[in-house]
Structure formats: structure tokens, C-alpha cells
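Okay, structure first, notes after.
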């Protein structure tokens, strides 16, 4: 695998790469996949603070093409991800209030045999929904949660309660420096998924609403707890407490 990239000022970044890889899947039979894949990503970023922005936007595009080398017929797969985020703080200062909105669209098209079927639910897609289990997938009671194509939108209101501060604590290896703080959040997530876009756009969206806290820490940025309730087609489904690292967007 080879990757190269370049910054164009502080706001734009472009990365390109190529990869030659072999994958083996073991079960009753062993299946091998060989593929050659170029990839390209682009970023436009005007956020004032990467970890907890109060203004600006973040746009991300990523594409990867897989040319499968060991199939009887020429096969290819295209992965595409696009994400758009915007932030605004109506109340500024150390205890700021920030509004954030995000739209994420991703797809896997073409030859899909070696790619995991995607799902909605969990801390990084539609919160309020638990991560789906194999049982849910097998009985098809929530088949609307699975697909190779998906679109997820999120709205968050973030309120700083304890501004982030640095502190130092002693240890056997000398003083350890870290940081701490507290932020509360309200969120609304909506998502749809399926195998073809015509089917996806005709689906009823999955909805999750809830609240959470973010604890700033060194290195990882934030520790995140989100508690939410999930709804589908006007009906309540379940509730969940989810743990994550970093902001959702």
C-alpha cells in the first residue's frame, strides 16, 4: 500500500493511494480475494477547534475502487463516502452553546461478496438504537436496519458546563499531565439504509433522540456517553446507553 497527500493551505487536504491486497475468508470453504484498488480523499475544513468547534464547516469525500483480480468474470466495487458538517455558537465564551448539523452518505456498489453488510444503530450511526445482533438479522424483524447504501443525518445542541482545563497529578513515573471538563448534549439522529438507492429513498427513516455527556480527555479528545430512545414508523422501539470516543461529528 502506498499513500501520498498534500495540504493546500490550512483548509484543504488531498490524499491519494494505491493498494494490492489478498484476503482469505475461512468457514466450510476457504475463499480468496485478490484486488487492486486506487483511492482518493479530499477534505475542506474551516473549524476553529477540531475537537469542539464553535464555528466553521467540515466536508469530507472519500472514494475507493476495487478491481478484483481472481474472479471468473471481471468484477469491480466502488466505495464512496461523503460527509458534511456545520457548526455555529449563538452563545459564546467559556460556557458556550454550539449547534451542529451533519449529513453522511455512504455506498458500496458493484461486486459485494467480500464486503460486510452495513447496519444502522450504535454510537456512530443512529443513536437510541442498540447495535443490531445476528438474531435480529436472521429473523428479519428489522430488515430496514441493514444495507450497503445509507444516509444518516444528525443534529446536536452542545452546552459546555465545565470548561476544559489542564491538571497535573503525581505518579511513580513522575507527574502526569492531562485535561478534564464536562459538556452536555441533546441530539436527534435520522437514518435510512438499503441495497439500492430507489429502495432507500422509499424507506421510512429510523429516528433516535436523546441526551448525552462529553468528558474531554487528552489524546482521544472526548469520552462520550449517549442515552436515547428509538422510533420507527411512528412507533417506539427501544432505548439504549452507548459509549464512544470522540465527537460523533
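Numbering (our numbering), first residue to last: 6 to 254.
Don't be surprised by glycine CBs; every beta carbon is placed ideally from N, CA and C.
With fewer than 16 other CB atoms across the displayed protein chains lying within 10 angstroms of its CB, residue 223 is exposed. In terms of Cα proximity to residue 93, the closest of 102, 148 and 86 is 102. Our two residues, residue 225 and residue 251, have alpha carbons roughly 6 Å apart in a direct line.
Partner residues in the beta bridge of residue 227, as assigned by DSSP, are 221. If the five residues before and after residue 245 are omitted, its C-beta is found closer than 7 Å to the C-beta atoms of 133, 134, 135 and 233, all from its own chain and listed in chain order.
Distance from the Cα of residue 17 is smallest, within the candidate group 53, 37 and 63, for 63. When only Cα atoms are considered, residue 113 and residue 121 end up about 10 Å apart.
DSSP places residue 55 outside any alpha helix (DSSP H), giving it a letter other than H or E.
Residue 131 holds the alpha-carbon nearest to the alpha-carbon of residue 243 among 180, 183, 98 and 131. For residue 203, the enclosing alpha helix (DSSP H) stretches over residues 202-206. In the DSSP assignment, residue 142 falls within the unbroken alpha helix (DSSP H) covering 139-144. Residue 194 places its beta carbon 8 Å or farther from that of residue 148. Secondary structure of residue 92 (DSSP, three-state): strand. Annotation for residue 188: the continuous beta strand (DSSP E) segment containing it runs 181-199.
The Cβ atoms of residue 202 and residue 125 do not sit closer than 8 Å to each other.
For residue 109, the enclosing beta strand (DSSP E) stretches over residues 102-115.
Straight-line spacing of the CA atoms in residue 192 and residue 89 works out to 17 Å. For the options 217, 79, 181 and 213, the alpha carbon positioned closest to that of residue 39 is the one of 79. Contact annotation, residue 185 with residue 221: C-beta distance approximately 7 Å; criterion of less than 8 Å satisfied.
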